[in-house]
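Okay, so here's the structure we're looking at.
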Amino acid sequence: MRAWLLGILMLTSTTPVQAADRILALSPHACEMLYAIGAAAQIAGAVSYCDYPAAAKQLPRIGSYQGVNVEAALRLQPDAAVVLNRHVKGVEQLSNMGVTIIVSDPHNMEEVFRDIDRLGRLTGHAKQAQQLVAAQRKRLQQVRRQAAKQHVRVFYELWPDPLLTAGGLSFINALITEAGGNNVFAAIPMDTPHVNVESVIRAKPQVIIIPLEKRKMVERRRFWRRWLHKDSVTFAAINPDILHRPGPRLIDGVEQLQRIFTAAADRK
Amino acid sequence: MYRLALTLALLAVTLYLGLAAGEQWLNPLHSSGQDSVILWQLRLPRLLTAFAVGGMLALAGAWFQVLLGNPLAEPYVLGVAGSASVGAVAALMWIPDATWAMSLGAFVGAWIGIIAVMFFARLGANRMLLAGVVLAAFWAALLALLLALLPEQGLFRAFSWMMGDLSASNLPIPLLLIAWIIALACGLLLARTLDILLLGERHAEALGVDVVRLRRQLLLLASAVTALAVTAAGTIGFVGLVIPHLMRLLFGSLHRAVLPASAIGGGALLVLADTAARTVIAPAELPVGILTAVLGVPVFLYLLLRRAP
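Below, the structure written as C-alpha cells:
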C-alpha cells in the first residue's frame, strides 16, 4: 500500500516537460475548451457540472467547483489541473503534490480566446486551438457588424427570486454590449446586484432575457406582463450554459443575443 | 400622553417615508399612471408586510423575554427560526420549482420546532431555555448539512431567505394584518398576568396565577406568531430582541403599554429598515436584516446609556 502511494507521489511530482497528458478539468468551461481543441483523450477527471459535450458526463468525477477530493484526484495520476482559482479547496494540496495548476477564469471574449490558446499549448494541440480561436474571432466580428446600430434596452433576469441581474462589472454586461444591447442596470458597480421590480419597470426594458434554469418561461412572462405593456417588451429565453460558462460555446450565446436584439430593434 | 402622540406621529412619518422613498421619490397623495402602479401595487403590499412582520416579531420577543425571565430572549431563541429555516431549505431542495414551497416548508418546520420545545415547557423557564438553545444548535447543524448538499442555484434563494426577504412574501396581506391584530389583542388580554409573572413565579403563584398553564399558553402564542412572521419574510433578526427593550425604556415595563408599543414600534422599525434597504444603493437592494441592526443598535445603545442609573 505504501509503495503504491509512493509510486503515485513520484509519478505526480515529476513536472511535465512535454504536453500534459493527464489533465483534471475542474470547471465546466475548462472541460468544454479541452473537448473543443481535440484534447478529450487527455482529460483524466472532471468535476460535477462538466456535462458538455455528452461524452463529458462519463468522465470520472473528483468533486465540485467548490472543492476537490484530493485522494480521488491523485488516484487519477494527473500532471495538470485547470482551476477557476487557487482558493478552490484541495487545489493547494494538489499543487504541493507537484500537479501543475493552471488558473482559467475568463472575464471577456478576449480572455476566453487567450485561455483556449493556453490550453492548446499545454496539451500539444496548439494548432487546433489557434484555428478555433481564429474561427471564433471571425464570428465575433460578424456579430459586431450586424449588431443593431440603435442599442435596445435589455433587462437580464439572472434569477427571479431574489431578483438578480447582471451589473456593470459582470461578464454578461460586456456580452450584452457586444451584441448591441444596453443593459438597463449597467450603471450598478456590482457583479450580480439584487434589484427590485420597481426599478425594472421604471427602466422600461425592450427585451427581457431569461436564462432558463428550471424556470418556466410562461410564468415569468405572465409575471412581467402584469407591469409592462405587452407590446413594449420582447421576452427571450436562452440556455444559461452557453452564456454563463466562459467557454467555446460563449460565441453561440453572443450570436443569439445579437439576433434577439437586432430583431427587437427592427420591430420598433 | 405626549409619548403616545410622538409614537403615532413617528409611525405616520415612517409609513409615509416607506411609500414615498425608493429609487425615485414619489408623492403618495398625488400620483398617476406608472407611478401609482409602483406605489399601490409594489410598495404598499411590501410596506404592509414589513409592518405586520416587524410588529409580530417584536410582540413575540416581548413575550419570550417574560416567559423565559431573560432579557436576552428573542423570538428565535428556542430554535423556531432554526427549524423553520431547515423546513424552508428542505422544501427548496425537494420542490425547487414552486415559489410557495419555501413558505410551506418554513411553516411546517417552525411548528416542528415548536412541538419539540413544548415537551420541555413544564420544566420551568431555565430548563426550557436550555432545551431551546440546544435544539437551536441541532437545527443549525441540520441547516448547515442541507446547505452543503443544496445545488448551487438554490443557494441564492436560501441565503436571501435567511437574511430576511420581504420582496418574496407569499402570504396574503389581510391575513398578516389580521394576525397582527389578534396577536396584539391576545397580548393585551394577558398583559396583567404578564406583569405579575414578571415579579417571579413564586409571587405569581401566590397571587393565584396558574403558572404552568400560563407558560404553555404564552409559549404557544409567541411561537405561533413567530412561525407566521418567519413564513412571511424569512428570518429577520434583531427586531424581536431590541424593540421590546426599547419600548420598556421609553414607556416603562407595564405590559399594557409595552405590548402595543412593541407591535407598532417593531412594525415601524422594519418598515424603515426595508425602505432603507430598497433605497441606499438603489436601484440595487440590500438584505433587510443588515438594516434592522444598523438602524436599531445605535438608538438602543443611546437609550441604554441615558437611562442607566
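Order-wise, the sequence lines are chains A and B. Under our numbering, think of the first position of the first sequence as 58, with each following residue one higher. Under our numbering, think of the first position of the second sequence as 449, with each following residue one higher. By construction, the Cβ of each residue, glycine as well, lies at the ideal position given by its N, Cα and C atoms.
Item: Could you run through the segment 245 to 268 of chain A and flag, in chain order, every residue whose CB is less than 7 Å away from some CB of chain B?; Value: I245, M247, P250, H251, V252, N253, V254, E255, S256, I258 and R259
Item: So, is the C-beta of B/F555 closer than 8 Å to a C-beta in chain A?; Value: no
Item: Can you tell me the Cα-Cα spacing of A/L68 and A/E149, whole angstroms?; Value: Note that A/L68 scores a pLDDT of 47, beneath 50, so its modelled location is shaky; the value from the coordinates is reported in the next line. Near 18 Å, if we compare the C-alpha coordinates of A/E149 and A/L68.
Item: How many Å lie between A/P73 and A/T157 at the Cα?; Value: Residue placement at A/P73 cannot be trusted, given a pLDDT of 43 that sits under 50; what the coordinates show is reported in the next sentence. Going by the C-alpha atoms only, they are around 8 Å apart.
Item: From the beta carbon of B/T641, is the nearest beta carbon of chain A less than 8 Å away?; Value: no
Item: Using only the alpha-carbon positions, how far apart do A/D288 and A/R279 sit?; Value: 13 Å
Item: Does the Cβ of A/S256 have 16 or more other Cβ atoms within 10 Å, making it buried, or fewer, making it exposed?; Value: buried
Item: Which chain A residues are close to B/L421, counting only those with a beta carbon under 9 Å from its beta carbon?; Value: Absent from the model: residue 421 of chain B. The displayed extent of chain B is 449 to 757, so no value can be given.
Item: With H, G and I counted as helix, E and B as strand and the rest as coil, what does DSSP make of B/V525?; Value: coil
Item: Listing by chain order, which chain B residues have their CB less than 9 Å from the CB of A/W216?; Value: Q601, F604 and R605
Item: Identify the contact partners of B/L490 in chain A, using a Cβ-Cβ distance below 9 Å as the criterion.; Value: N253, V254, E255, I258 and W284
Item: Going by DSSP, what residues sit across from B/L591 in a beta bridge?; Value: DSSP, once it has assigned bridges, lists no residue as partnering B/L591.
Item: Once DSSP output is grouped into helix, strand and coil, what is the label at A/F53?; Value: Nothing can be reported for residue 53 of chain A: it is not among the residues displayed for chain A, which extend from 58 to 325.
Item: Quick check: the segment 226 to 238 of chain A against the segment 209 to 217 of chain A, are there 3 or more CB pairs under 8 Å?; Value: yes
Item: For A/F170, would you say it is in contact with chain B, using Cβ-to-Cβ distances shorter than 8 Å as the test?; Value: no
Item: Can you give the Cα-Cα distance for A/I80 and B/A468, rounded to whole angstroms?; Value: 58 Å
Item: Which ranges does the beta strand (DSSP E) cover as unbroken runs of at least 3 residues, wholly within the segment 173 to 248 of chain A, from first to last along the chain?; Value: 209 to 217, 220 to 222 and 238 to 240
Item: On the three-state DSSP scale, how would you describe A/H286?; Value: coil
Item: On the DSSP bridge assignment, give the partners of A/G124 in chain order.; Value: A/S121 and A/K146
Item: In whole angstroms, what is the alpha-carbon distance linking B/R575 and B/L668?; Value: 17 Å
Item: Could you tell me if B/A508 is buried or exposed, where buried requires 16 or more neighbouring beta carbons within 10 angstroms of its beta carbon?; Value: buried
Item: Does the beta carbon of A/F228 come closer than 8 Å to any beta carbon on chain B?; Value: no
Item: Evaluate B/P692 with the Cβ neighbour count: other Cβ atoms within 10 Å of its Cβ, from every protein chain shown; 16 or more gives buried, anything less gives exposed.; Value: buried
Item: Under three-state DSSP, which class holds A/A322?; Value: helix
Item: Sort out for me which residues DSSP pairs B/T547 with in a bridge.; Value: Note: B/T547 sits in no beta bridge, so no partner.
Item: Counting only Cβ-Cβ distances shorter than 7 Å, please list the residues of the segment 604 to 628 of chain B near chain A, keeping chain order.; Value: F604, R605, S608, D613, S615 and A616
Item: Going by beta-carbon coordinates alone, are B/L636 and B/R696 separated by less than 8 Å?; Value: no
Item: Is there contact here, the segment 516 to 526 of chain B with the segment 578 to 586 of chain B, by at least three beta-carbon pairs under 8 Å?; Value: yes
Item: Could you check the C-alpha separation between A/Q199 and A/P135 for me, to the nearest Å?; Value: 39 Å
Item: With C-beta atoms as the reference, is B/L594 less than 8 Å away from B/M541?; Value: yes
Item: Quick one: what does DSSP say B/A460 is sitting in, helix, strand or coil?; Value: helix
Item: Where does A/P268 sit, in a helix, a strand or coil, going by DSSP?; Value: strand
Item: Going along the chain, which residues of the segment 726 to 744 of chain B sit with their C-beta nearer than 9 Å to a C-beta in chain A?; Value: R726, I729, A730, P731, A732, E733, L734 and P735
Item: How should A/M274 be labelled, buried or exposed, when 16 other C-beta atoms within 10 angstroms of its C-beta is the threshold for buried?; Value: exposed
Item: What does the alpha-carbon distance come out to for the pair A/L66 and A/S121?; Value: Note that A/L66 scores 49 on pLDDT, short of 50, meaning its location in the model is unreliable and no value can be drawn from it.
Item: Output, in chain order, the set of chain A residues within a Cβ distance shorter than 9 Å of B/I543.; Value: Residues of chain A passing the Cβ test: none, with the nearest at roughly 11 Å.
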